[in-house]
Every structure is written in C-alpha cells, then in structure tokens.
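Notes to accompany the following structure.
Protein chains in written order, with our numbering: chain A, 23 to 389; chain X, 23 to 389.
Structural data, given as structure tokens:
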C-alpha cells in the first residue's frame, strides 16, 4: 500500500492511498480557502452518564454548489474545487469540513453540566474515485486496500494521546439520511470509549475473565456449528445474521479468530474479510435487485494503550428495511427503553439472504 | 376517575376510563373473534448484554380493512368491528393485538443464546374518541385524566409479579413510522428493567448515595436558576430543553420535586404536569404551524417492589426534525457508538420554542 499526506488550502489534512505509487506533483484542493477552525464541544449528560457533542457550524454554509457538484469526485474545473485532486489513487481520507469532533477544539463554553472540548476527529473516507459504484462492486483487492486504510487510520488517529476509540462506519442510502451517493464512509475518533463499544467491551471483559476466551470468538463458533444463519464462511472469516439480531437484516462480519484491531489482521485474514464483505454487500444489493441501504460499523479494541485480549474486530450492518417496502422505525421501545423488538426471526431473514446467489471474482483476476 | 374492565371476543382485555360514570351495557368488540395467543420470546444479546424481543405474527394478518377503517374509533357498523365500543368514555386501554411482549408468552424456542418467554405486556392507550385531535388540543382535565390512567396502568401492570418496569410512550407522526393518526400512545411493561432506564437509574442511584438528593431534582433546580432553556414553570412542574439535549428540539417535562411514579403524583402536581404537557405540545405544533412529530417517553421508578428514592418521574420528547425541512437521522455515531452529535445548541432551540406564544384555557372553563 502506498500513501501520501497533503495539507489542503483550508488547513485540513488529506491522505491518499493506492495500490500503486502516487503521482508526484499532486496538490490537495478544498472547496474554500478560509482556514477551518472547528470548535465543537462536549456536554455531560448526567442522567445517561454519557457525553453529547455540539457543533454549530456557521462558517462555510454560504457556499451554494451547483446541483451536479460532487465534493467527493476529483476536481475537474479548478475554479470549482472539490475535496479531492486528480491523479492515480484508490482511497482518499480527509478531515470532515463540519466535524462533530476536531483536534482544534478548545475552550468549551461553560454550562450547568460539565463541558469540554470535543477534541476527537471526524474523517471522510472516499472508497473509490468512481461516483457510481458501491462496496459490493469494488474488486476484492480494492476492498483489501480499504481494510488496510482503516488500519492505517486506526494507527494514525489512535497514536494521538487524546484518542481512545476509532470507529469506521458507512451510512448508506437516503433512508439513513445520506444524500451524497459517491461511495464513502466516515471515521469518528473519540477522546473516550463511547457508550456502546464500552458496554460491549465490558461484556467481553467479564466473559474473558471467566473463560479465558473471547465472547465473540465463542459466539462465532456456535454460530458456525448451528449453521442456520451463516452467509459466508472460509478458513479465516465469517458473515452471519446473528442469533440476537436487533434489525431484521442485521449481519455481522468478523475474522473467526479474535483480532483486536484492523492493524492486527494478517494478510490472509484481510483477504478473507474482503470476500466476506463483498459477499454480504452483494447479497444485500441482490435481495431486492436494488441498492440496499444500511449502517455498517466496525468495532475494535480501544486505542488507550492497554492490551485488550477480550476485543474482537467485527462489522455490524444495521439495514433500515424490514421488508422490501417497509422501514423499521426506531421508536418507543428502541430509543426510550433500549430494548429492540424484531418482528422477524433471524433464521428467516438469514434464509432470504442465503437464497441470493453471488459470485466473487476469481482471485487470480484481482491480483 | 371511573374505570371499567372488559374482555374482548378474542380474549384481550379492554379498560375504559372516564371523568363520568361509564354506561352500563357496553360490550367490548375486537376486529376478529379468534383467540389471540401471542407467544413472543426473548433472546439474550451477549455482546450488548441485553434482551431482544422476537414476535413473528402469522395469525390475523389476513384481515384487510377498508382504507377508511380506523381500529381506534368506536365501532359504528357491528359487521366491521374496531377495537373500541360506542358509549361515553374518555380514554381506552387495550392489549396490543400484535404484541412484542405478552402475559401469555410461554415455551421460548431454544437457541445458541439464552432465551425466555417475553412475558411482559404491550398496551395501546387511545387518548380520546376524537380521531382528529392531539394531546395539544385536549382540555387540561382530559390530560389530567390521562396522567391518572398512566398511573392506573402502572399500578395494574406493576402489580403483576413478573413486571419490572412500565414505560408509557407516544410515537407521533409518519416521520417516526406512525400511520394511524387517531391520537394514541402505547405502554410497554417489561419483565426486566430495560437498558436505558437501567442506566439512568444507575446514575441516579450513584448521585443519591453521594448527595442524598435526586440527580434530576438538582438538575432541574440548576435549569430553573439558569433560566435560558425553560419553556414552562409553575410551582409544581417544569418543562425545558435540557442543557444536554441529544435531539435538537428535545424537551423534558417533570414535577419539580422528585416523584417516583405516576401513582405518587399529588392532584396539584398532576394538574401542573397537565399544563406543562399541554404547553410543550402546543409550542411544538405552533413552531412550524403544523403537527409536530415526536417520540414522548415517560420514565419512572421500576415496579420491582423496592423503594427508589433516586427515581424522578419525567417525560422526554425526542422530535425527529432538526429544522423545518430536515430530519435528524440517527446514524453511525448515534446508533453504533451511542454518542449523539447535535448541530444545534440547546439554548438556540429553546429560544425557538420560547418564542411560540401559547394560551392555556382558563382553568375555570375546564372544571
């Protein structure tokens, strides 16, 4: 993997990643030249015992792009700069222009609860230069590169002293609020371990202390033995509708053996994960023969400098549909109580997805 | 308050509540006569450490009502029965026909994780016989009755040995998935304290142990002193945009002094809460001069037979809009990490709502 860092005219960082050497002479553009001085802050929610991030972005909102303007495409007309340059590269990562957390955060305003600067980081990950594709259509070695990129970002962000947790995710589809269709995800890097990963790690730690094995490691083993909900399996990776799915078409993708973070994946584990990822997204898109929206999130070990033998890198997909025509709305019991109610059995939805036949490219073609 | 219990032809319970005596001779209808034998089950989610409810409802789905059919209106044509009878009553509560939890639940199917019968309860609360109104339009004494109904349901459900927590809520508007516009809410009664209330109670217990005062009691006191985000205040109740709002137009409504459950409200506290509730919903509907969607949830003490001096009954409103035209989608950071990012400051949104002038009816007119 090749990579190169740039500084945009507005001061933000851009990193290009490629399977081939990156052209010399590339200049990083930005939609505006005014320095971005984001200053989001955190407030403590005493009743829930968690932080909430506030960012009121005033600057930059006057920019009115033409309707066909795609900020994630390479800049064609230098008078209408996008976020990305022309040149050969596969994946691009840059700091979000309107971040909920930023390294520059400072001097949080006082309030009647504890406050602090939201000094995390929010990055945009552009998966490819092609605006009209999706994860399911990318070649396996491109997905393999993307897994390496997530690892490099975990390293780069996690190396910063204040960053405790790095979460790569993709919000996909208008149904989850995404109006920009160029394939991209985001990375949020938090100055604390956020509530959901914290809860998962707590459960994993308790299990590890008791059994000296990983909770997800053992759950995966029983999922493989049960076999009913498996969507993909090879020697190193697995994809399945979990027995305890909260969303009708929820799917998890994981290495079979525990791996703490993206950085710890072996090349063969990465290659298997790429196949699992492509299989799942192909099945999703094939299910109703149309692009399938979802939230995909990758959970890994915190970047707090401690060892986390209990952690197990994996992706969870939360698709918003419960049938072809009906969305699952999160309402009273989900949002207020935190108990999910699923009117589909995971075994049934797994059958739906198992029935979608997909063909991965021959590995020899993608090398 | 008058109330009377009925059994529907399909075996479900109906309770009518009224400010006046209820007509003798009322018969409870149901859309079908086949006994409802719901058998939802729970599965343990080991990674999150929480229960998920599964209900696959096969029976009853063949019923195809005419488009104008309103199951929550009183039955006019006995050949097309709804859920409710004709006759004088103000509020009706019946068991949900397709429940996520039910007292009849038994014999959960085995799975590779722990399972159990979902023996809680799901009730529908019809706020009024008028299909074309909303909480904001109901008279104060009708809202007062509704607060009593929530108390009576908390008592009736909480008295059942297996019920640990009673959560009344309202999902309102197509934006939160509600297609039935007749004013109604729901009550979920859980055989455990669900994750979000459990987390809140844990925070409140820690605070109470340390200060011998309620966490929300003290937060309300500082909100009143800070004054910036207050929407309603009298001697007994308050409504405000909380300093730590996770949704742009989030609002909390609470008695000023700690009250554990609806059952513990004094008549004057209830009267004040009705005014606060009407003020908030009027302000919501007045903000953009159109019905304002939200999720409203009422948190109270568990019904576990123990004393909960740390608990403080209150409602939290989660409106899905962040501006007049834009929804706030819950995505990566909210659903996967559990950290909410709010691009509006609570102080600004409170100003928006403070600017909406509302007039409560003269108390003398509603007696």
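Ideal Cβ positions, reconstructed from N, Cα and C, are used throughout, including at glycine.
Would you mind sorting residue i into buried or exposed? The rule is 16 or more other CB atoms within 10 Å of its CB.
i, result
"residue 55/X", "exposed"
"residue 91/X", "exposed"
"residue 36/A", "buried"
"residue 118/X", "buried"
"residue 29/X", "exposed"
"residue 166/A", "buried"
"residue 206/A", "buried"
"residue 78/X", "exposed"
"residue 226/X", "buried"
"residue 34/A", "buried"
"residue 232/A", "exposed"
"residue 201/A", "exposed"
"residue 327/X", "exposed"
"residue 381/A", "exposed"
Using the C-alpha atoms, what's the distance from residue j back to residue i?
i, j, result
"residue 360/X", "residue 57/X", "41 angstroms"
"residue 312/A", "residue 271/A", "15 angstroms"
"residue 100/X", "residue 47/X", "15 angstroms"
"residue 409/X", "residue 121/X", "Since the displayed chain X opens at 23 and closes at 389, residue 409/X lies outside it and no answer follows."
"residue 265/A", "residue 65/X", "8 angstroms"
"residue 32/X", "residue 315/A", "39 angstroms"
"residue 186/A", "residue 218/A", "14 angstroms"
"residue 339/A", "residue 89/X", "35 angstroms"
"residue 371/A", "residue 301/X", "44 angstroms"
"residue 40/A", "residue 240/X", "55 angstroms"
"residue 24/A", "residue 344/X", "41 angstroms"
"residue 152/X", "residue 196/A", "35 angstroms"
"residue 321/X", "residue 279/X", "15 angstroms"
"residue 348/A", "residue 277/A", "32 angstroms"
"residue 38/X", "residue 95/X", "13 angstroms"
"residue 98/A", "residue 308/A", "33 angstroms"
"residue 70/X", "residue 134/X", "16 angstroms"
"residue 329/X", "residue 281/X", "12 angstroms"
"residue 155/X", "residue 44/X", "22 angstroms"
"residue 144/X", "residue 115/X", "10 angstroms"
"residue 260/X", "residue 245/X", "10 angstroms"
Assuming residue i is part of the beta strand (DSSP E), what are its boundary residues?
i, result
"residue 137/X", "137-139"
"residue 25/X", "24-29"
"residue 306/X", "Residue 306/X -> not in any beta strand (DSSP E); alpha helix (DSSP H) instead, spanning 289-309."
"residue 145/A", "143-148"
"residue 317/A", "316-321"
"residue 339/A", "336-340"
"residue 207/A", "206-212"
Whose C-alpha, out of the options, is nearest the C-alpha of residue i?
i, options, result
"residue 368/X", "342/X, 134/X, 267/X", "267/X"
"residue 346/X", "142/X, 375/X, 279/X, 188/X", "375/X"
"residue 258/X", "231/X, 289/X, 244/X", "289/X"
"residue 254/A", "238/A, 284/A, 166/A, 303/A", "303/A"
"residue 210/X", "319/X, 72/X, 233/X, 282/X", "319/X"
"residue 297/X", "53/X, 140/X, 49/X, 164/X", "164/X"
"residue 291/A", "199/A, 330/A, 321/A, 170/A", "170/A"
"residue 76/A", "128/A, 324/A, 353/A, 307/A", "128/A"
"residue 158/X", "194/X, 233/X, 51/X, 216/X", "194/X"
"residue 131/A", "377/A, 62/A, 111/A, 336/A", "62/A"
"residue 188/A", "284/A, 50/A, 299/A", "284/A"
"residue 362/A", "51/X, 60/X, 67/X", "67/X"
"residue 337/X", "355/X, 242/X, 356/X", "242/X"
"residue 216/X", "236/A, 354/A, 380/A", "354/A"
"residue 310/X", "331/X, 366/X, 379/X", "379/X"
"residue 49/A", "60/A, 204/A, 74/A, 107/A", "107/A"
Output the boundary residues of the alpha helix (DSSP H) element that contains residue i.
i, result
"residue 78/X", "First-last for residue 78/X: undefined, no H or E at that position."
"residue 67/X", "Residue 67/X -> not in any alpha helix (DSSP H); beta strand (DSSP E) instead, spanning 63-67."
"residue 250/A", "Here residue 250/A belongs to no alpha helix (DSSP H), and DSSP marks it neither H nor E."
"residue 230/X", "217-233"
"residue 419/X", "A question about residue 419/X goes unanswered here, because the residues of chain X that appear run from 23 up to 389."
"residue 372/X", "368-376"
Report the residues of the region 120-140 of chain A with a CB closer than 7 angstroms to any CB of chain X, ordered along the chain.
122, 133, 134, 135
By the 9 angstroms beta-carbon criterion, what residues does the region 349-366 of chain X contribute toward chain A?
349, 350, 351, 352, 353, 354, 355, 357, 358, 359, 360, 361, 362, 363, 364, 365, 366
Going along the region 235-246 of chain A in order, which residues come within less than 8 angstroms of chain B, judged by CB to CB distance?
No chain B is part of this structure, whose protein chains are labelled A and X.
What are the residues in the region 187-220 of chain A lying within 7 angstroms of chain X by C-beta distance?
189, 191, 193, 198, 199, 208, 210, 212, 216, 217, 218, 219
Give the residues from the region 307-323 of chain X that approach chain A closer than 7 angstroms (Cβ to any Cβ), ordered along the chain.
317, 319
Check each residue of the region 173-186 of chain A: if its Cβ is closer than 7 angstroms to any Cβ of chain X, include it; give the result in chain order.
none
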